[in-house]
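In my numbering, the protein residues as written are 159 to 341.
All residues carry an ideal CB built from backbone N, CA and C; glycine is no exception.
See below for the structure under consideration.
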Amino acid sequence: MKIKKLVSGVTMLALTTVLLAACGGDKKDDTAASSSTEASSSVVAKDSSSTEESSMTIGELKDGEYKLEEKNYNNGYRVVFTIVVKDGKITESNYDNVNEAGKSKVDDAEYNKKMEEVTKTSPKKYIPELNKALLEKQNPSDIDTITGATHSTDSFKEYAKQLIEAAEKGDTKTIEIDNQVEK
């Protein structure tokens, strides 16, 4: 009788351990999955998870217009992002998501309404906020993540870093991002 209880106890403990291990999330897999949906650049893509933690030291910026574009549409939109540097400072930041007709996500009233209901923000709010923050802070690492638009904020910061790196070199060639789109 005692052996039966002991075997039952050990079996229950083993099953509980297996169940907890199976239900536990593996953050490494989550990061890999999210970074595969993040844009990967034909120049050099950087994992967006590093965007949140690392700070960027900015060197001298060369005057000019620097442009970045995603090649693929994701949920009907792709990122286009331009910064203008004058006298060594970012004077314009034009980050946007556009559809195939070139229409901004900011102007998509239905999309904005649905997102606002769920996340309490929308492209109409956060896109201008991100552009303004870059002009004020001059460093994407210093920009706070916008609640409800975490993925967009991370994308903005990563792309801004790539544009700033181009501005440090004076490389005005358009950066093309071969973003992965899951179907």
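- Taking a 10 Å sphere around the C-beta of valine 276, we find fewer than 16 other C-beta atoms and assign the residue as exposed.
- Going by C-alpha positions, serine 213 is about 17 Å away from alanine 325.
- Exclusion of the five residues before and after aspartate 254 leaves Val237, Val238, Phe239, Ser262, Lys263, Val264, Ile285 as the residues of its chain whose Cβ lies within less than 8 Å of its Cβ.
- The beta carbon of asparagine 252 sits closer than 6 Å to those of Thr240, all from its chain and outside the five residues before and after it, given in chain order.
- Closest option to glutamate 258, judged by alpha-carbon separation, among Tyr224, Lys271, Gly234: Gly234.
- Residue range 267-277 is occupied by the alpha helix (DSSP H) that includes valine 276.
- In the three-state reduction of the DSSP assignment, leucine 226 falls in the strand class.
- Cβ neighbours of leucine 292 within its own chain (closer than 7 Å, five residues either side excluded): Ile248, Ser251, Pro298, Ile301, Ala318.
- By the neighbour-count criterion, in which 16 or more other beta carbons inside 10 Å mark a residue as buried, asparagine 337 falls on the buried side.
- Excluding sequence positions up to five before and after serine 310, its CB lies within less than 7 Å of the CB of Tyr284, all in the same chain and listed in chain order.
- For the pair asparagine 232 and aspartate 329, the Cα-to-Cα distance works out to about 27 Å.
- Of Leu321, Ile335, Ile333, Glu334, the smallest CA-CA separation from lysine 220 is found for Leu321.
- Put simply, of Leu288, Asp266, Phe314, Lys295 the residue whose alpha carbon is nearest the alpha carbon of threonine 215 is Lys295.
- Linking lysine 271 to glycine 246 through their CA atoms gives a straight-line distance of about 38 Å.
- For aspartate 312, the enclosing alpha helix (DSSP H) begins and ends at 308-327.
- Here DSSP, grouped into helix, strand and coil, assigns glutamate 294 to helix.
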